[in-house]
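*Asks:*
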Amino acid sequence: MRDISARELKGHNILAVERFQDNTRWMIEFSILRPCSYGSPGDEMRLFLTEDGYQAALVSQKRREIKIKRYARVIEGHVLDFKPDKRRRHP
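Residue 1 is where the sequence shown starts when you use full-length UniProt numbering, and the numbers rise one by one after that.
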């Protein structure tokens with residue numbers, strides 16, 4: 001799996017100013033399924049969001065406009081609890 005910082009996505013890059021703002025709480029990576037305010041179908045994006053922005057993204061996902069692939073909590077600019085693909089290897 002590629003490093004999160006190495007992935008080229010539209011939206012905010014991993015060192016975006018938005019990541020370090022006091023009210024930023026979430027980072028999401030998602031695909032756009034239908035035309036919406038985030039972009040065009042087929043685009044993949046990364047955004048750093050406030051709690052309100054994250055709730056709006058969840059509503060967009062329920063409407064099937066976007067599909068959130070990965071998400072993480074952000075505290076004081078630190079990306080925590082990164083949730084990669086849930087593939088588990090069994091010995």
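Glycine residues also receive a C-beta, built at the ideal position from the N, C-alpha and C atoms.
Grouping DSSP H, G and I as helix and E and B as strand, with all else coil, what is E51?
*Replies:* Here residue 51 corresponds to residue number 51 of the sequence shown, with the count starting at 1. Per DSSP, reduced to three states, the secondary structure at E51 is helical.
*Asks:* Going by beta-carbon coordinates alone, are R19 and V74 separated by less than 9 Å?
*Replies:* In the sequence shown, the residue the question calls residue 19 occupies position 19. In the sequence shown, the residue the question calls residue 74 occupies position 74. Yes, they are a contact pair.
*Asks:* Measuring CA to CA, which of K10, R25, S37 and V17 is closest to Q61?
*Replies:* Taking the sequence shown and counting its residues from 1, one reaches residue 61 at position 61. Checked all of K10, R25, S37 and V17; the closest Cα to Q61 is S37.
*Asks:* Do you know offhand how far S40's Cα is from S31's?
*Replies:* Reading the sequence shown from its first residue, position 40 is the one you call residue 40. Reading the sequence shown from its first residue, position 31 is the one you call residue 31. Rounded to whole angstroms, S40 to S31 spans 9 Å at the Cα level.
*Asks:* Determine the closest residue to Q21 out of L58, R63, E65 and E51, with distance taken between C-alpha atoms.
*Replies:* On the sequence shown, position 21 is the one that residue 21 refers to. The residue with the shortest Cα to Cα distance from Q21 is E51.
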